[in-house]
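Residue 408 in the numbering used here is what sits at position 105 of the sequence shown, and the numbering runs on without skipping anything.
The C-beta atom is built at its ideal place from N, Cα and C for all residues, glycine as well.
Everything numeric in this text was worked out from a predicted model, so none of it was measured.
Here's the structure, in structure tokens; my notes come after.
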Amino acid sequence: MKNVKYTEMFYSIQGEAVNTGRLCTWLRTFLCSLQCRGFGQVEPGNPDTWAEQYPLIDVKNITDLNKIPTPSTGCDSAYSWSAQFKHLVLSKTTRELATDIRATTPKNTFDGVIGHVFTGGEPLMQQVALAEIINFWIEDDDFPAWVGFETNVTQAIRPELKAAIKALQDKEVLVYFSMSPKLLHVAGEQPKKAIHIDLMGDYVELCPHSYLKFVLNEDQRAWDQAKSIYLALKAEPYRVYTDVEVWVMPVGGVIGQQLDPAVGRIADKAIQEYQWNVSPRVHVLIWGDDQIGR
Ligand code: SF4
């Protein structure tokens, strides 16, 4: 039985894209394959210009996850992968997590209505362990109504996870990957490292309800890269996946950024020029910058 490194588990709603507002439990695993230090920077694609995250505080002295301020630059969940937060990492066996995640719900059961989201960091870096959690839920005959994986699409699917997903699908549970490739002129990630069209094709083949979720700013180069990824999924050899939905999330993890007029301009562009769906971060609009664990 595997151990999982994670930073938080909780019961709330889904705040973004498909399933927004729906009840679900969450597991935020530790570790990520990227760093996304470009988010919110003046020039996301130019590392020489980046401001540091958490420049004014000594994060080593923070002992409570809820006391971490949401940064306006870089990854808004750096506490789920950065070595700076190693002292806050938790670890449990997959059996313990399967039980404890369910216990975050009001009646200690998924009850046929509550879903589950694996997020991170990059949850698929511990996918064999996540498969074990799913298998325990199935064994207990109390499994989520739907399951989502929020991923940056850098990890190949392992046979163990594939089998666990198929077991859920056999129970008529809708499983999807929220595929959020990280763009050069938004997140500062180099395409060679961050963009893997072949993996997206594999994810969609396994879970046809998977969708693309692009975090976007007003830089046209970022929209061009997003469009090229979308078109690549529609071209050979992936052209069977023409139904992949696209969701645009305006950049910004703090409430001030979500209320900025730029959000409206980004939404207009998505709606009018691209015919792509738009998603705010509803959890930020509801709970403001006090959003960890919600
Ligand atoms: S992929 Fe997600 S968790 Fe990882 S660094 Fe980027 S924004 Fe943060």
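Check whether the Cβ atoms of residue i and residue j lie closer than 8 Å to each other.
i, j, result
"threonine 407", "aspartate 445", "no"
"leucine 334", "lysine 485", "no"
"glycine 556", "threonine 373", "yes"
"leucine 509", "lysine 465", "yes"
"proline 494", "leucine 502", "no"
"serine 375", "glycine 343", "yes"
"methionine 552", "valine 507", "no"
"alanine 432", "lysine 572", "no"
"alanine 401", "phenylalanine 452", "no"
"glycine 418", "leucine 326", "yes"
Kindly examine the ligand SF4 and report whether one of its heavy atoms sits closer than 7 Å to the Cβ of residue i.
i, result
"glutamate 475", "no"
"tryptophan 329", "no"
"glycine 451", "no"
"tryptophan 384", "yes"
"serine 380", "yes"
"glutamine 523", "no"
"glycine 348", "no"
"glycine 423", "yes"
"lysine 389", "no"
"asparagine 369", "no"
How close, in whole Å, do the beta carbons of residue i and residue j come, if the pair is a contact with beta carbons under 8 Å?
i, j, result
"arginine 331", "glycine 424", "7 Å"
"arginine 450", "serine 394", "The amino acid occupying residue 450 in the given sequence is valine; arginine does not appear at that position. So it is not a contact: roughly 22 Å between Cβ atoms."
"isoleucine 460", "threonine 397", "Not quite, the Cβ-Cβ distance comes to about 18 Å (not below 8 Å), so this is no contact."
"proline 347", "valine 566", "About 17 Å separates the two Cβ atoms, so there is no contact after all."
"leucine 391", "leucine 427", "Their Cβ separation, rounded to whole angstroms, is 21 Å, which puts leucine 391 and leucine 427 out of contact at 8 Å."
Work out the CA separation of residue j and residue i for me, nearest whole Å.
i, j, result
"valine 362", "glutamine 387", "7 Å"
"glycine 491", "arginine 340", "6 Å"
"valine 547", "threonine 366", "41 Å"
"alanine 570", "proline 564", "10 Å"
"alanine 434", "glutamate 399", "14 Å"
"proline 462", "glutamate 319", "28 Å"
"methionine 312", "glutamine 472", "24 Å"
"glutamine 430", "aspartate 414", "25 Å"
"valine 585", "serine 531", "28 Å"
"tyrosine 309", "glycine 559", "28 Å"
"proline 447", "valine 420", "9 Å"
"glutamine 317", "valine 587", "11 Å"
"tryptophan 550", "serine 481", "10 Å"
"tryptophan 590", "glutamate 442", "35 Å"
"tyrosine 533", "tryptophan 526", "10 Å"
"glutamate 475", "asparagine 364", "46 Å"
"serine 483", "histidine 512", "14 Å"
"glutamate 521", "lysine 410", "44 Å"
"alanine 467", "leucine 477", "13 Å"
"lysine 370", "aspartate 592", "11 Å"
Check whether the Cβ of residue i sits closer than 7 Å to any heavy atom of the ligand ZN, and report yes or no.
i, result
"leucine 337", "This structure lacks the ligand ZN; its bound ligands are the ligand SF4."
Taking one C-beta from the region 395 to 405 and one from the region 378 to 385 each time, how about it: are there three or more such pairs within less than 8 Å?
-> no
Evaluate the contact criterion for the region 492 to 500 versus the region 453 to 464: three or more CB pairs, one atom per stretch, below 8 Å.
-> yes
With contact counted as at least three CB pairs below 8 Å, one residue from each stretch, are the region 343 to 356 and the region 580 to 593 in contact?
-> no
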